[in-house]
Amino acid sequence: WDIFKRHDTTHDGYISVDTYFDKVVFEPKSTVGQALFALIDTDDPDKIEFGEFVQQAVCTFACLSPAEMLRFAFMVYDKDKSGVMEVEQLHDFIWKLHNSDVSNNVQHAMQDLTLDELGRLPFDSFKLLNKQYPQVMYPLFRLQQNTMRFVMGPKWWASKLRRLEYERVHRCAILQVDVSP
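If you count by the UniProt record's numbering, then the sequence shown holds residues 1 to 181, one letter each, in order.
Rendered as structure tokens:
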């Protein structure tokens, strides 16, 4: 609450999306970051209220696993939800993710893509790209890390994630118990 209140300079119960990026997580606003806010059901896409800040912008994003982060990023640019990304969409994604500052390593990675027979990038190849060239998706994961770092801190999030994993595992175990006579 203190973080949100500190940045709600107009005292109207909202902070701007720009403020979130510039002053809360200290990250440049990217298309993927903005897509996170597009998932939030707000009346004004340029600002968020406290509940939206906590539930969506911070908790949901901070609690995504690396695989879920990749799926989220892929979905943002797989506009037709076909399960494949056109090469142009991927280039646009990378360009925007890196805020137009694409290094030689990232450019090399883009030349080493595993495309399908129609020249598109399936999600499995997108995951492989991240595994072979983690610097390509680094800004995405840095945004998540900075969200954790500047909102509650890494220790708090590590504890929260362990607790969530424990609950998930035990909930699944309970659902798999055979109760037949």
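A virtual CB, placed ideally from N, CA and C, is assigned to each residue, including glycine.
Taking the alpha helix (DSSP H) that residue i belongs to, which residues open and close that run?
| i | result |
| --- | --- |
| residue 88 | 87-97 |
| residue 128 | 123-132 |
| residue 77 | 66-77 |
| residue 29 | Counting along the chain, residue 29 falls outside any alpha helix (DSSP H), and DSSP gives it neither H nor E. |
| residue 20 | Premise fails: residue 20 is in no alpha helix (DSSP H) and is neither H nor E. |
| residue 9 | Neither: residue 9 is in no alpha helix (DSSP H) and is coded neither H nor E. |
| residue 141 | 138-150 |
Please name the residue, chosen from the options, that lies closest to residue i on a Cα-to-Cα basis.
| i | options | result |
| --- | --- | --- |
| residue 105 | 133, 7, 154 and 58 | 133 |
| residue 63 | 171, 160 and 5 | 160 |
| residue 109 | 67, 125 and 65 | 125 |
| residue 150 | 27, 167 and 14 | 27 |
| residue 70 | 120, 155, 141 and 4 | 141 |
| residue 55 | 91, 23, 128 and 4 | 4 |
| residue 136 | 112, 120 and 20 | 112 |
| residue 25 | 152, 131, 72 and 163 | 152 |
Quick check: residue i and residue j, are their CB atoms within less than 8 Å of each other?
| i | j | result |
| --- | --- | --- |
| residue 61 | residue 144 | yes |
| residue 29 | residue 46 | no |
| residue 114 | residue 58 | no |
| residue 66 | residue 97 | no |
| residue 121 | residue 87 | yes |
Give a yes or no on whether 8 Å exceeds the smallest Cβ distance from residue i to chain C.
| i | result |
| --- | --- |
| residue 79 | Absent here is chain C; the protein component of the structure consists of one chain. |
Under a three-way DSSP split, which group does residue i fall into?
| i | result |
| --- | --- |
| residue 117 | coil |
| residue 165 | helix |
| residue 81 | coil |
Only counting the same chain, and skipping five residues up and downstream in sequence, which positions put a Cβ closer than 7 Å to that of residue i?
| i | result |
| --- | --- |
| residue 123 | 74 and 83 |
| residue 179 | The predicted model places residue 179 with a pLDDT of 49, which falls under 50 and marks its position as unreliable; any figure quoted below should be read in that light. Excluding positions up to five away in sequence, the list is empty. |
| residue 128 | 114 |
Considering only residues of the same chain and omitting the five flanking positions on each side of residue i, which have a CB-CB separation below 8 Å?
| i | result |
| --- | --- |
| residue 188 | Since the first residue of the chain shown is 1 and the last is 181, residue 188 is not available in this structure. |
| residue 169 | none |
| residue 91 | 110 |
In chain order, what residues of the same chain lie with their CB nearer than 6 Å to the CB of residue i, ignoring the 5 residues before and after it?
| i | result |
| --- | --- |
| residue 78 | 85 |
| residue 22 | none |
| residue 15 | 7 and 8 |
| residue 13 | 49 |
| residue 89 | 77 |
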